[in-house]
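Here's the structure we're looking at; comments come further down.
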Amino acid sequence: SPLFPENGKYFSHYDERKRRLLIGCPECVAKGRPKECKHARSSVTLFSDKEGPGVLAGAQFGQGHLDEQISREFFSEGMERLKTVPNSGLIITETPLFGKAWWTYQEIYKLGTNRELNMIPGTDKPIVSLHNISQYDAGLVAKAQIDLTAHAYTEPERRARIFGEHVAASEQAVFDLVELA
Numbered sequence: 001s002p003l004f005p006e007n008g009k010y011f012s013h014y015d016e017r018k019r020r021l022l023i024g025c026p027e028c029v030a031k032g033r034p035k036e037c038k039h040a041r042s043s044v045t046l047f048s049d050k051e052g053p054g055v056l057a058g059a060q061f062g063q064g065h066l067d068e069q070i071s072r073e074f075f076s077e078g079m080e081r082l083k084t085v086p087n088s089g090l091i092i093t094e095t096p097l098f099g100k101a102w103w104t105y106q107e108i109y110k111l112g113t114n115r116e117l118n119m120i121p122g123t124d125k126p127i128v129s130l131h132n133i134s135q136y137d138a139g140l141v142a143k144a145q146i147d148l149t150a151h152a153y154t155e156p157e158r159r160a161r162i163f164g165e166h167v168a169a170s171e172q173a174v175f176d177l178v179e180l181a
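For reference, each letter of the sequence shown is one residue, going 1 to 181 in the working numbering.
Here it is in structure tokens:
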């Protein structure tokens, strides 16, 4: 997981069979020894929608994170897994390119702009909010690496993939992307 790289600050252990990533406790992380942590640890379980939505069936999650081009069925099952957990949440991160995953932006935007549907019952807090963030602001990848990969992109791809802007670009470009930029 890019959030918890193998030699990262928080990485404690990864169990391939269970697909479970263990995160060192705050005390061990502060000492710079998360891999040696034997205390109670938080975990992240990793799934792939290539295996279908059934991999999530029956589970309960306090927080879900769906990343890049998920299927509608996987999204729906992910939402079901949060329903029985109080104060649970879901984060969807994806590059805002028009393509096979564009439906997620449309669904989230539709829900996020409907104040009546988008409120946690009994509160003034929205269920869904939509945010754009650049790779630089996210801080998951070093600036030098982002700058290096930027050279491989057309201007619309750069704007979408690096700066999180919604642009007219897709995997099967029909128009001249340089002209569009």
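Glycine residues also receive a C-beta, built at the ideal position from the N, C-alpha and C atoms.
Predicted model only: the values in this text are computed from it and were never measured.
Check your understanding: Nearest to LYS31 by alpha carbon, out of VAL44, ALA40, LYS9?
Key -> LYS9
Check your understanding: Would you report the Cα separation of PHE61 and ARG17, rounded to the nearest angstrom?
Key -> 19 Å
Exercise for review: Could you tell me which residues DSSP pairs with PHE11 in its beta bridges?
Suggested key: ILE23
Review point. Between GLY24 and the rest of its own chain, which residues show a CB-CB distance below 6 Å, the 5 nearest in sequence each way excluded?
Key: TYR10, SER12, PRO34, CYS37
Exercise for review: On a CA-only basis, which of GLU27, GLN69, ASN132 is nearest ARG159? Give me that one, please.
Suggested key: ASN132
Practice item. Within the same chain, show all residues whose beta-carbon is closer than 7 Å to that of LEU117, passing over the 5 residues directly before and after it, in chain order. Key: LEU111
Exercise for review: Determine the contact status of THR104 and ILE70, defining contact as a CB-CB distance below 8 Å.
Suggested key: yes
Practice item. Quick one: using the 10 Å Cβ neighbour count with 16 as the cut-off for buried, is ASP49 buried or exposed? Key: buried
**Study point:** Own chain residues within Cβ distance below 7 Å of SER42, not counting five before or after
**Key:** ILE23
Exercise for review: Take ASN184 as the anchor and find which of PRO126, GLY164, ALA40, ALA152 has the nearest alpha-carbon.
Suggested key: Given that the chain is displayed from residue 1 to residue 181, the structure contains no residue 184 and the question cannot be resolved.
Practice item. Determine the closest residue to ILE120 out of TYR153, LYS83, ARG20, with distance taken between C-alpha atoms. Key: LYS83
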